[in-house]
Amino acid sequence: MVSRREMLKLGALFSVAGSLPLLQACAERAAKEPQAPVRIGYLPITDATPLLVAHQQKLFEAEGLQADKPVMFRSWAQIVEAFISGQVNVVHLLSPMTIWARYGSQANAKVLMWNHMAGSALTVLPEINKVEELGGKTVAIPFWYSIHNVVLQYLLRHAGLEVTEGEPSARQVKLIIMPPPDMVAALASKTIAGFIVAEPFNAAAEAKSVGKVLRFTGDVWRDHACCLTVVQGHDVEQRPEWVQKVTNALVKAQLWTLQHRGETAALMSASGEHQYTPHPQAVLEKVLNPAAAQWDQYVQTGAIRHPDWRQSRIDFQPYPFASYTEKLVELLKQTHISGNAPWLASLDAAKVAQELVDARFVRAAIEATSSQQAFHLPADYARQETIAA
Numbered sequence: 182m183v184s185r186r187e188m189l190k191l192g193a194l195f196s197v198a199g200s201l202p203l204l205q206a207c208a209e210r211a212a213k214e215p216q217a218p219v220r221i222g223y224l225p226i227t228d229a230t231p232l233l234v235a236h237q238q239k240l241f242e243a244e245g246l247q248a249d250k251p252v253m254f255r256s257w258a259q260i261v262e263a264f265i266s267g268q269v270n271v272v273h274l275l276s277p278m279t280i281w282a283r284y285g286s287q288a289n290a291k292v293l294m295w296n297h298m299a300g301s302a303l304t305v306l307p308e309i310n311k312v313e314e315l316g317g318k319t320v321a322i323p324f325w326y327s328i329h330n331v332v333l334q335y336l337l338r339h340a341g342l343e344v345t346e347g348e349p350s351a352r353q354v355k356l357i358i359m360p361p362p363d364m365v366a367a368l369a370s371k372t373i374a375g376f377i378v379a380e381p382f383n384a385a386a387e388a389k390s391v392g393k394v395l396r397f398t399g400d401v402w403r404d405h406a407c408c409l410t411v412v413q414g415h416d417v418e419q420r421p422e423w424v425q426k427v428t429n430a431l432v433k434a435q436l437w438t439l440q441h442r443g444e445t446a447a448l449m450s451a452s453g454e455h456q457y458t459p460h461p462q463a464v465l466e467k468v469l470n471p472a473a474a475q476w477d478q479y480v481q482t483g484a485i486r487h488p489d490w491r492q493s494r495i496d497f498q499p500y501p502f503a504s505y506t507e508k509l510v511e512l513l514k515q516t517h518i519s520g521n522a523p524w525l526a527s528l529d530a531a532k533v534a535q536e537l538v539d540a541r542f543v544r545a546a547i548e549a550t551s552s553q554q555a556f557h558l559p560a561d562y563a564r565q566e567t568i569a570a
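So that you can map any letter, position 38 of the sequence shown is 219 in my numbering, and since no number is skipped, the others follow by simple counting.
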C-alpha cells in the first residue's frame with residue numbers, strides 16, 4: 182500500500198494539474214529569494230555520491246557559493262515534490278524520471294550533467310542462475326520510470342519473457358514497485374524472486390547471503406547513466422554564473438571520488454562525519470572500491486559477460502551524451518510502464534535531448550579542469566550506445 186500511495190502521489194506530481202500548485206510555489210520562492218544557496222535533495226543511495234562529496238569536501242564554498250546541509254528524503258515522491266516546489270534546487274533524479282518531469286508535469290527542469298554511471302544490478306535468489314528462470318516469478322523495481330525497469334525489460338525480452346502486473350504464467354514475470362530499503366528483506370523472505378535497483382542494496386543482499394547478482398546493468402548498457410543532476414530552469418535562465426559554479430563543484434567532486442574511492446565509502450557511511458546514509462562502510466566499499474578478485478568472480482558467474490568493456494561497479498563521468506538520451510527515449514517506448522502516458526509515444530528523441538539537457542555548463546567545467554582525459558571522454562564529445570544482453 183505504501184508503494185501504491187507513492188505511485189499515486191508521483192502520478193499526480195507528474196501531471197500538469199497536479200504539479201501546478203507546486204510550480205506556483207516554486208515561482209514564489211524564486212521571487213522572494215533570487216540568490217538562494219545550494220540546497221541539495223538526495224536519497225541515501227550511491228547515486229547521490231557527487232552531491233554529497235561536493236558538500237563534505239566544501240567544493241561549493243571553494244567556488245564562492247553558500248551551501249546548506251543536504252536534505253535526505255526517503256522516497257522519490259518526496260524528493261520530486263520538494264524539487265518541483267522549490268524547497269531544494271539541486272537533486273539527483275532517475276534519468277527516465279527527468280523525462281516524465283519535463284513532459285508529464287511540464288516542470289521547467291534542466292539536466293546539467295550525469296551524476297554517475299552504472300551502479301545498479303539485478304539481484305536474485307541464490308538458486309536462480311539465468312534470466313529465463315524468472316518466468317512465473319515476481320521481480321521488484323524501484324519505479325516504472327527508471328533505468329532499472331528499462332534494462333530489466335530489455336533482458337526479459339531477450340530471454341523470451343513477457344511482463345505482467347497480474348499473476349504471471351510460466352513465460353511471464355510479474356513486476357511490482359517496491360521501496361529499495363524493503364527489497365533485501367523481501368528477497369530474504371522469498372516474497373520476491375529478485376529485484377533490480379541502485380546500490381548498495383545489491384551489495385547488502387550479498388553481504389547477508391540472501392541473494393546474488395545475476396547481471397550488472399552496466400554490463401547490459403555500456404557506461405549508461407542512472408541518476409542525473411537536475412536544477413531549476415529559472416536558475417539556468419536567471420543566474421547562469423551560479424549554475425556554472427554548482428557544476429564546477431560537482432565535476433571536481435567526481436574527480437575526487439575517482440581518486441579516493443575508499444574515502445568516499447567512509448564519508449558516505451553511517452559512521453561518517455555527516456552520516457549521509459544509513460549504510461555500513463564495508464557495504465559501500467564493496468560498491469565503490471571492490472577488490473579485483475571479487476570482480477573476477479563476477480566474470481566467472483556470468484554476472485559480467487562483457488569484461489572487455491572494463492566496467493566499474495559504479496563509475497563517474499559527468500558529460501551527458503545526447504546519444505544516451507535519444508536511446509533512452511527509444512527504449513522507453515518499448516518498455517511496459519503502468520499508467521497512462523500518452524505524451525511518451527509522441528516524443529521526438531532528438532528534440533528531448535536538446536530541450537531537456539543543457540551541456541554548456543558541464544563542458545565548460547570539464548575543460549576548465551582539463552579532465553576530458555581523466556573521464557575518458559572522446560574529443561568530439563560524441564559516442565554510439567552499446568547495448569547487449
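Don't be surprised by glycine CBs; every beta carbon is placed ideally from N, CA and C.
Under a 10 Å Cβ-count criterion, S519 is classified as exposed, with fewer than 16 other Cβ atoms of the shown protein chains found around its own Cβ.
Annotation note: the region 194-268 contains the following uninterrupted alpha helix (DSSP H) runs of length 4 or greater, listed N- to C-terminal: 197-213, 230-237, 240-243 and 257-265. Taken in chain order, the complete beta strand (DSSP E) segments of 3 residues or longer contained in the region 398-455 are 408-413. Excluding its 5 nearest sequence neighbours in each direction, V391 has C-beta neighbours in its own chain below 7 Å: V365, L368 and A369, listed in chain order. Relative to L303, the option among V432, G375, D228 and I357 whose CA is nearest is G375.
Counting C-beta atoms within 10 angstroms of its own C-beta, I377 has 16 or more neighbours from the protein chains shown and is therefore classed as buried.
For the set M449, A463 and V464, the Cα lying nearest the Cα of Y457 is the one of M449.
Taking all protein chains shown into account, I485 has 16 or more neighbouring C-beta atoms within 10 Å of its C-beta and is therefore buried.
Using a Cβ distance threshold of 9 Å, A406 and M298 count as a contacting pair. The region 540-547 makes no contact with the region 486-497; the number of CB pairs closer than 8 Å stays below 3. One Cα belongs to Q413, the other to A211, and the distance between them is close to 10 Å. Pairwise C-beta distances place the region 257-271 in contact with the region 222-239, as three or more of them are shorter than 8 Å.
Shortest Cα-Cα distance from I357 to any of I322, F382 and Y326 involves I322.
Taking 9 Å as the cut-off, the Cβ atoms of Q435 and V234 count as close. In this structure, V417 is the residue among E346, V510, A531 and V417 with its C-alpha nearest to the C-alpha of V271.
According to the DSSP assignment, W295 belongs to the beta strand (DSSP E) that extends over A290 to W295. Distance from the Cα of E348 is smallest, within the candidate group G316, Q237 and L306, for G316.
Within the region 338-405, the complete alpha helix (DSSP H) runs of at least 4 residues fall at 361-369 and 382-388. D489 carries a helical assignment under DSSP once its states are collapsed to helix, strand and coil. Looking at H557, R564, A522 and V432, the one whose alpha-carbon comes closest to that of S286 is A522. Taking F324 as reference, the option from N296, L240, E536 and M278 with the minimal CA-CA separation is M278. Checking the DSSP bridge columns, you'll see H273 partnered with T410. Note that the C-beta distance between Q238 and W490 is not below 9 Å. Only exposed fits W524, as fewer than 16 other CB atoms lie within 10 angstroms of its CB. DSSP, read as helix, strand or coil, puts I328 in helix. The three-state reading of DSSP puts D477 in helix, counting H, G and I together.
Less than 9 Å separates the beta-carbon of V401 from that of V332. Under the three-state reduction of DSSP, L336 is assigned to helix.
DSSP places L303 within a strand segment (E or B) once states are collapsed to three. Going by DSSP, V320 is part of the beta strand (DSSP E) stretching over T319 to I322.
With contact defined as three or more Cβ pairs closer than 8 Å, the region 469-481 and the region 528-547 are not in contact. I518 sits in coil when the DSSP states are folded into three classes, being neither helix nor strand.
Spatial neighbours of H487 in its own chain (CB-CB distance under 8 Å, excluding positions within 5 residues in sequence) are listed in chain order as D400, R403 and A569. Beta bridge pairing from DSSP links I495 with A299. Contact annotation, V468 with E380: C-beta distance approximately 4 Å; criterion of less than 8 Å satisfied. Counting along the chain, I568 sits inside no alpha helix (DSSP H), nor does DSSP assign it H or E at all.
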